[in-house]
Structure formats: structure tokens, C-alpha cells
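Below is one structure, written out as C-alpha cells; comments come after it.
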Amino acid sequence: MNLRAGAAVGSIVLLAACSNSSPSAFVPGDASGQSIAASQASLLNSDARPARARVLYIGDLDGQPGVGQVHVYTAGMKNPHQIGLITNGTGRPFGLWVDDRNYFYIANEADKYQPSVTAFKPGASSPFFTITNVKGQPASVAVDAQHNVYVNESVQDEGWVQVFAPGSNTPLRSIDTGVGGYAFDAGSMAFDPQGNLIVAEQAKLALHVVKIAPGSSIATPMNLNLTNITGPGLGIDKAGNMYIASSSSATVSVFPAGQTQASRTISSVPAYGLTWVTPQGAVYQASGEYTVTEIAPGANSPTATINCTCSAQGVAVSK
């Protein structure tokens, strides 16, 4: 994964429907800007938008010096185009998450600003809540069905997951993942159908995947066959199939639920960034460079590629 760096200023820029349209900043009190903002909120708001109008968030390090941004795209895998740009509360965005309310979360590593996790309500241009009481560098974030927030952090080359109750800046638990050493890099997180948190960590030039049971403070190695699978991305669909990316081979390996051996491999997927998997098994893979690969459920090769001309680190898709 690319070099990392933290936190947040700016606005949301809303784009016209065409991908080559010029961006126009939303100005409060401007009638045309308000109508564009209303359209964006409609796309992001689970109560207002059509079921198919999901959006794709792409975390991008290339914003202002020391500050990143988040691109907002259509997520249908057909003619993807940019519809927005979030620059407030973005810090240096790596891992992203969308919860069951379509609240959007960003794990921000430090550079110009301090490390943080920022949370946005659907359609919002600024975060409504920020977690700052972290141990290290937040690389990814996950939110469970009770809306507890889990933050995967690099702390002096060791992996830690901190758990925060909804609306709290004080951790309920700090969990040592048991993974650490040289070349450490905290990776993706996802929940399996039983509510276990699955965490990917890179250390000592290898990938490690651990499981944390609901309410537990113990991380247990999953003992998957990860030969030639280097991470750092990981995602899980509603059937419990686990998708693990490999930056070294540009692949995503699919592990059936409960199995330690991959059953198939998705090829030609640049994968230095993090991974998002929808409940239906659609895969969105950040390259860590200038693209995001979209893979339809069941496909073994890319369905579409978004050329965002950005440093794409993390991705997430709304419900």
C-alpha cells in the first residue's frame, strides 16, 4: 500500500451526471447549488433514493498537501461516473465503511492533521461525529449491527483494534490482533454472518487473518491457506464467502464459508488498496494507485474499471 499520512478541511463538490463535466462547488444559499445538493442527498439517503441508486466512495490521498478527499461515483458497474467530491472530514482517507443506515465512515491516518475516524449522515457534506481518541494510525473502520465502531490501527508496527460505542470517543475495548513486526500494515475488516469481526493484517512480508468474536477482546488466527496471497484487502458476502486480495499477484481469492482453501481466483485486479464486498458478492477493489476495479458477483475477471486519476486507497458502497 502507498505511503500514508491525517484529518480534514473543505467542502463537498457536486458534479453533473457526465463524467467529463466540470465540477461546481455548492454554495449555501445558491438555489441551483441547493438543487444539486438535494439530488446528491437523494442518492445517498436510503429513504429517498431508488433501491438501485447506490453510490461508490473512493478514498484518495491526492487532495491538498497533507490532506485527502473522497470521490463519490455511481456504483452500478455500467458507465460509472463521478457525482461528488467530499473534502471536509477526509484527512488522509484509507479504510471506508457504510453501515446499515447508510452512514459513511472514514479512517484517516495522520499527516497535516491528527488521526481520526469521521462519520457522515446520508447526503451530508461534513461529519456529524469524529473519533480522535485512537492509539495509532487508523487504517480501516467497520461498524456492526449495533453501530459500534471498530478501528484497525497500526501502533508501533503492531495491530490493534479499538471498539467505540455509538457516539463515544472513549474506547470500550482495545484488542491486540497478535500480528506485528517489520513491514506491518493494518488491512481491511469485515463481519461474517455470525457477527465475528475478520481482520486482515500484513507483517513480515506475509498476510495474517484473525477473527474476533462479538464482545470478545481476543483475536484468533483463522489458519487460512494464504500461500501467494499478500493482502491487504478483505471482504465477506452475506453467504459468508471471504474475498481476500493479493497486491503481489493482482488477484482476489474467494474462500467459501468455513473453508481454509480458496475455491476460485479473480484475476487481473490491481490490489494494493483495500476491498469492499457487497452482500450479493460484488467486489470493489482499490488499486492503491489510480483505479478501482469492479467485479460482478460470480465473475472471475473485472467487469468495469474506474479511472479516477487519484490515489485510490479504500472503497465502500452504500446500501
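If you use this note's numbering, the sequence shown corresponds to residues 52 to 370, in order. Cβ atoms here follow ideal geometry from the backbone N, Cα and C, with glycine treated the same way. Here the structure is a predicted model, which is why all the values come from computation and not from measurement.
*Start and end of the beta strand (DSSP E) containing Ser297?*
Here residue 297 corresponds to residue number 246 of the sequence shown, with the count starting at 1. It spans 293–297 - the beta strand (DSSP E) in which Ser297 sits, taken as one unbroken run.
- prompt: Rounded to the nearest angstrom, how far is the Cβ of Pro283 from that of Ser300, given a contact under 8 Å?
  reply: Along the sequence shown, one-based indexing puts residue 283 at 232. Along the sequence shown, one-based indexing puts residue 300 at 249. Not a contact, Cβ separation roughly 13 Å.
Contacts around Asp243, its chain only, beta-carbon distance under 7 Å, and the 5 residues preceding and following it disregarded: For this step, residue 243 is matched to residue 192 along the sequence shown. Closer than 7 Å at the Cβ level, and outside the excluded window around Asp243, lie Ile249, Ile287, Gly291.
- For Gly231, which of Thr311, Ala216, Ser205 has the nearest alpha-carbon? Here the question's residue 231 lines up with position 180 in the sequence shown. Out of Thr311, Ala216, Ser205, Ser205 has the C-alpha closest to the C-alpha of Gly231.
Please classify Asn203 as buried or exposed, where buried requires at least 16 neighbouring CB atoms within 10 angstroms. In the sequence shown, the residue the question calls residue 203 occupies position 152. Buried.
query = Using the beta-carbon count (16 or more within 10 Å), is Pro353 buried or exposed?
reply = Counting from one through the sequence shown, the residue named residue 353 turns up at place 302. With 16 or more other Cβ atoms within 10 Å, it is buried.
request  = On a CA-only basis, which of Gly142, Gly187, Asp162, Lys186 is nearest Ala170? Give me that one, please.
outcome  = On the sequence shown, position 119 is the one that residue 170 refers to. Closest in C-alpha terms to Ala170, from the list Gly142, Gly187, Asp162, Lys186, comes Gly142.
For Asn358, which residues from the same chain have a beta carbon less than 6 Å from its beta carbon, with the 5 sequence-adjacent residues on both sides left out? Taking the sequence shown and counting its residues from 1, the one referred to as residue 358 is at position 307. For Asn358, where only same-chain residues beyond five positions count, the Cβ hits under 6 Å are Thr342.
**Message:** Suppose the cutoff is 6 Å on Cβ atoms and the five residues either side in sequence are ignored; what does the same chain contact list for Lys289 look like?
**Reply:** Start at 1 with the first residue of the sequence shown, and residue 289 comes out as number 238. Cβ within range, chain order: Pro330.
- Query: Skipping 5 residues on each side, what residues in its chain have a beta carbon closer than 8 Å to that of Gly114?
  - Reply: Within the sequence shown, the letter at position 63 stands for residue 114. In chain order, Gly61, Gln120, Thr138, Thr141 place their CB closer than 8 Å to the CB of Gly114, counting only its own chain and leaving out the 5 sequence neighbours on each side.
Original post:
From Ser219, His259, Glu345, pick the residue whose C-alpha is nearest to that of Gly210; which is it?
Top reply: In the sequence shown, the residue the question calls residue 210 occupies position 159. Selected option, being the one with the closest Cα: His259.
* Asked: If you run the structure through DSSP and keep just helix, strand and coil, what is Met240?
  -> The count along the sequence shown starts at 1 and reaches residue 240 at position 189. Reduced to three states, the DSSP call for Met240 is strand.
- Residue burial classification, Gln312 (beta-carbon count within 10 angstroms, cutoff 16): One-based indexing of the sequence shown puts residue 312 at position 261. With fewer than 16 other Cβ atoms from the protein chains shown falling within 10 Å of its own Cβ, Gln312 counts as exposed.
task = Mark Ile134 as exposed unless 16 or more other C-beta atoms lie within 10 angstroms of its C-beta, in which case mark it buried.
result = As a first step, residue 134 is located in the sequence shown; it is residue number 83 there, counting from the start. Result: buried.
Exercise. Measure the Cβ-Cβ separation of Gln336 and Val303 and say whether it is below 8 Å.
Key: Position 285 of the sequence shown holds residue 336. Position 252 of the sequence shown holds residue 303. Taking 8 Å as the Cβ cut-off, Gln336 and Val303 qualify as a contacting pair.
Practice item. Output the boundary residues of the beta strand (DSSP E) element that contains Pro272. Key: As a first step, residue 272 is located in the sequence shown; it is residue number 221 there, counting from the start. Note, Pro272: beta strand (DSSP E), 270–272.
Once DSSP output is grouped into helix, strand and coil, what is the label at Val206? As a working mapping, residue 206 is identified with position 155 in the sequence shown. Val206 carries a coil assignment under DSSP once its states are collapsed to helix, strand and coil.
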